[in-house]
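See below for the structure under consideration.
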Amino acid sequence: MFKKLHDDGAERVTVTIDGREARVPAGETVAAAALIHGLQPFRTSAVSGAPRAPYCMMGVCFDCLVEIDGTPNRQACQVRVAEGMAIRRQDGAGETAP
Amino acid sequence: MTARHELAVIGAGPAGLAAAATAAELGLKVALFDDQPAPGGQIYRGVERTPLADPAVLGDDYRRGADLAEAFRASGAAYHPSCGVWLLTPERELGLLDNGQARFVTAGRVIIAGGAMERPVPFPGWTLPGVMTAGAGQILLKSAGMVPGKGVVLAGTGPLLLLLAAQYLRAGVQIAALLDMTPPSNALRALPHLPAALSAFGTLAKGLALKREIHRAGVRVVKGVTSLRALGEARLEAVAYEAGGREQRLDSELLLVHFGVIPESNTTRSLGIRHLWDSRQLCWRPVADAWGNTGAEGFAVAGDGAGIGGALAAEYAGRLAALEAARALGRIDAAERDRSAAPVRAALAKERRVRPFLDVLFQPAPELISQLADDTVVCRCEEVTAGQIREAVGQGCTGPNQLKSFTRCGMGPCQGRQCGTTVSQLIGHTLGRPVEEIGAYRIRPPLKPIGLTQLAALDGEGEAAA
Amino acid sequence: MNLDAVVVGGGLHGCSAALQLALRKLRCLVIEKDTVGRHASGVNAGGVRRLDRDPAEIPLSVAAMEMWWAIAELVGDDCGFRLSGQIKIAQNETELAVLEERARLVRSLGYEHEEPVGANELFRLVPALSRHCVGGLVAREDGFAQPYQTTKAFRDKAASLGVRFLEGTRVLGVERKAGDWIAETDRGRFAAPVLVNCAGGWGDAIAAATGDPVPFEVVAPMMMVSARLPPFLTPVVGAAGRKLSFKQMDNGTVVIGGGHFGGADAEAGTTSLDFRALAESARTVAELFPIMRGASIVRCWAGLEGFVADGLPVIGPGTGEPGIYHAFGFSTHGFQLGPAVGRIVADLVTRGESDLPIEPFRIDRFAKPPSAVPHPSAGSG
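Protein chains in written order, with the numbering used here: chain A, 0 to 97; chain B, 38 to 503; chain C, 814 to 1194.
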């Protein structure tokens, strides 16, 4: 869906996106990283199970919700990637932290 | 004890940056809180550290943001990035989520510079992955150097749509089509506002230049588009629409839509500030005086959050609100405030003269709301359709707040931001009553959802005063 | 327009009273200053609870429960009622002993609905509960309902029987003249031989104006609701020794209350939230329900509610002029009683008596020297 214009040479961190490792620019949003690395959809809706993905990218639509490091309902467009971060698709109301 | 600031500024877009810098230069102890990690807001997002090899892609206006950010950095205002505001009380207490940690601060005065959001307009399929806003596309460009892979379709109306198209073209992106949904009758309706707008000739010239740029690039521009639909099962597969009386279809995996911008009014409404329905901009905006003062004691609004005026107008309004704050807090007297304000006010007035023309020229078609198909989702969170809303109205529901009880519309995580404007208009249209009378959702805090453990960690005391 | 009764207050109790009066063929008008169910009736926690009631309230609560189990027969709507059970948990042996003592008391009064359970049964009923808890007190056939849906259902049923509702109309004063009670409102005067005061958090003003002042304050119990979670909880959970009312709705959201009060402004009809108190509430939940540590809070609110000094409602006739009946000040636990209170009021109006023991709720009970007056602490709505 999206591609990088070019490699900006930024420092990278390693995250996992649905279990797959990815090297992504430090400071980038989880949403941007997950879009580039093909997370599709980001979640299924809690009401009907419909597929959803980022819509507004500015924190007002709450459609980019994913599970980050075990916590569901995190706004992927508002959270920055960090070394070792585990990003997972969220199904329905989300798996909850143990 | 809870930290106390003389002036709290919320938001680091043009209004907030200008307000904080101006106020700090006048000697106020200023703290600026912003949920983003770097200054710029959405309009100047990533302005200090663009990921683009060639920033010229973004255009000349974007660079002004760099100057603003630099002036802000040099001003001495305390800057709290990644620090969202989830609560505002009439006593000017701010609930913050500071890098994930909840705390309170208080302020002698508050300038709310929360900016704008894109107008959410429901259409069939708008919840599908692959349907995003033009603003979202632009944010990905500015902050992550990301562009559509192939064959993006742009649809809707408004300057941002043209700007994004031009930026994409400069970055070498192939645009499959630009579906112009501006009602053809708008041009005629806007004409009376043209003479006033001509005084801001620069703005109009830029708009025309964008159109020429898009035209020269050979982008397929379709005028008079209606009945936009996003088709697909798991994701967007095609975009359907009507133009010239004919049904059309374009295969695409990315549709970016735009229907103008509206104030993000949850923050101001949470304070009980009176809001007017702006029938030209088709949105709620807080009632404020020429300095941005609202009915809530000590709270001012500045920038697009107070009514859409664009980045330059926001910057000027921020400066005016800062001057007034300096007066209210005893740093300058009214005469000095007025003296300093005069050139800013003149520049603001000039900037605003172009607005009525642009507002009418790019006004979304009323049918987008009034003719919403019954099975179209209006509330993305709770998946409430236009038909369910009409049905609730038929059962005696008279306003947005009752609608929550009837349908859960507006009660999901976005807290009504995506459906609120539509709901007020749709109920008004169904009942044949003005939107102003229908009203808007009451805003229940927190302004953004907060983690239970984040709330639990709130010790009730806050940090020691700086 | 000839009226047999004017009901002041369009909350659940007012709607229930009007419905029962209409069932007894009385012509009724309900005057509501805002909209039906706007305050405590529409926004409370929705607990349908006999569990852990003041002994004085148990007979009413038990009678109300019979009506809840067949609520659709009464109002033509299930009111979102769920037979989820209610449970009050103990975190240590001392608390458990208190609950067991309580169960003995209830049984000694002739009721069987409260049952002490040990850890095994507790965790079977509430698997998500933190394992440090030791037992609890269960009312298996209690439950919860949807407050607004319920109040609207009572209103709609009453309206279908001819009750008129005048919303957005404020009662400015009441007086008795020539055998009629006159309600003076900002939309004119309404007269009827019978006046029913179901004005909730504003009920004390009418009581005082008719010569029956009660020690009373207006409180604002706060609630929080989470984003949706996968289903993990059936019963409504309270806690001995903690302020807690905790339940998961069918849609997955979790509603958290328990009697943390915000700011109340009865005159303006507004509330304010105290997030420091809500933080305390969040700590309680995080400790008792580890599953909630990943949850987010989407919305918080408070409703206005009348609290009588002894924590019991006022139900019964006034002491002065005839024809006035009170049912207000339910002190944060009136929702479940709603169906029965309407019946009591209608019986008082039509027969002069109720078959339920309402002596403890007399409006003049404070005319005697008061015994120890407890500080307000709230139930689960």
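A virtual CB, placed ideally from N, CA and C, is assigned to each residue, including glycine.
Consult DSSP for residue i and reduce its assignment to one of helix, strand or coil.
i: Pro185(B); result: strand
i: Tyr278(B); result: strand
i: Arg146(B); result: strand
i: Lys243(B); result: helix
i: Glu886(C); result: helix
i: Ala233(B); result: helix
i: Pro50(A); result: strand
i: Ser874(C); result: helix
i: Lys2(A); result: strand
i: Ser222(B); result: coil
i: Ile902(C); result: strand
i: Met169(B); result: strand
i: Ser407(B); result: helix
i: Gly970(C); result: For the sequence presented, residue 970(C) should be read as Lys rather than Gly. DSSP places Lys970(C) in helix when its eight states are reduced to three.
Is the CB-CB distance between residue i and residue j below 9 angstroms?
i: Gly53(B); j: Gly340(B); result: yes
i: His1139(C); j: Gly1129(C); result: yes
i: Leu489(B); j: Gly1107(C); result: yes
i: Leu816(C); j: Cys841(C); result: yes
i: Pro221(B); j: Lys248(B); result: no
i: Ile148(B); j: Val391(B); result: no
i: Pro166(B); j: Arg286(B); result: no
i: Met0(A); j: Leu291(B); result: yes
i: Ile251(B); j: Val298(B); result: no
i: Asp90(A); j: Arg42(A); result: yes
i: Val1009(C); j: Gly827(C); result: yes
i: Gly121(B); j: Asp72(B); result: yes
i: Ser1085(C); j: Ala1115(C); result: yes
i: Leu235(B); j: Leu228(B); result: no
Counting only Cβ pairs nearer than 7 angstroms, list the residues of chain C close to residue i.
i: Ala92(A); result: Arg1041, Leu1042, Pro1043, Gly1065
i: Thr490(B); result: Ala1099, Arg1106
i: Pro71(A); result: Gly1107
Do you know how far the Cα of residue j is from the Cα of residue i?
i: Phe1120(C); j: Ile1157(C); result: 20 angstroms
i: Val1162(C); j: Pro323(B); result: 50 angstroms
i: Asp104(B); j: Ala358(B); result: 20 angstroms
i: Phe399(B); j: Leu225(B); result: 12 angstroms
i: Gly113(B); j: Gly457(B); result: 38 angstroms
i: Leu215(B); j: Thr164(B); result: 20 angstroms
i: Asn74(B); j: Leu178(B); result: Position check: residue 74(B) holds Pro in this sequence, whereas Asn was assumed. Going by the C-alpha atoms only, they are around 17 angstroms apart.
i: Arg257(B); j: Ala202(B); result: 11 angstroms
i: Ala171(B); j: Met154(B); result: 11 angstroms
i: Pro1006(C); j: Ala996(C); result: 11 angstroms
i: Leu134(B); j: Arg140(B); result: 7 angstroms
i: Gly96(B); j: Arg207(B); result: 9 angstroms
i: Ala501(B); j: Ala40(B); result: In this prediction, Ala501(B) scores a pLDDT of 36, lower than 50, which makes its location untrustworthy; no coordinate-derived value is stated.
i: Ala1122(C); j: Ala1099(C); result: 32 angstroms
i: Phe894(C); j: Ala58(B); result: 56 angstroms
Given that residue i touches chain A, what residues does it touch there, using C-beta distances under 8 angstroms?
i: Cys434(B); result: Correct list: empty, because the minimum Cβ distance to chain A is about 20 angstroms.
In chain A, which residues lie less than 9 angstroms from residue i when you measure between Cβ atoms?
i: Pro74(B); result: Gly26, Arg79
Cβ closer than 7 angstroms: which chain A residues qualify as neighbours of residue i?
i: Ile176(B); result: Met56, Met57
i: Ser461(B); result: Ordered by position in chain A, no residue passes the 7 angstroms Cβ test against Ser461(B), which lies about 17 angstroms from the chain.
Please list the partners that residue i has in chain B, where partner means a Cβ-to-Cβ separation under 8 angstroms.
i: Gly855(C); result: Ser442
Which residues does DSSP list as the beta-bridge partners of residue i?
i: Ala327(B); result: The partner list for Ala327(B) (beta bridge, DSSP) is empty, contrary to what the question assumes.
i: His312(B); result: Pro323(B)
i: Ile1128(C); result: Ala1140(C)
i: Ile86(A); result: Ile16(A), Ile67(A)
i: Ser307(B); result: Note: Ser307(B) sits in no beta bridge, so no partner.
i: Leu124(B); result: Gly132(B)
i: Tyr116(B); result: Leu69(B)
Below 7 angstroms on C-beta distance, what does residue i contact in chain B?
i: Val46(A); result: Glu419, Glu420
i: Ile35(A); result: Met183
i: Leu1086(C); result: Pro482
Comparing the CB of residue i with every heavy atom of the ligand NAP, is any distance shorter than 8 angstroms?
i: Ala208(B); result: For the structure depicted, the ligand NAP is absent and the ligand set is empty, with no information on it obtainable.
Whose Cβ in chain B lies nearer than 9 angstroms to the Cβ of residue i?
i: Arg51(A); result: Thr164, Leu165, Pro166, Arg417
i: Leu836(C); result: Within 9 angstroms Cβ-Cβ: nothing; Leu836(C) doesn't reach chain B, min ~22 angstroms.
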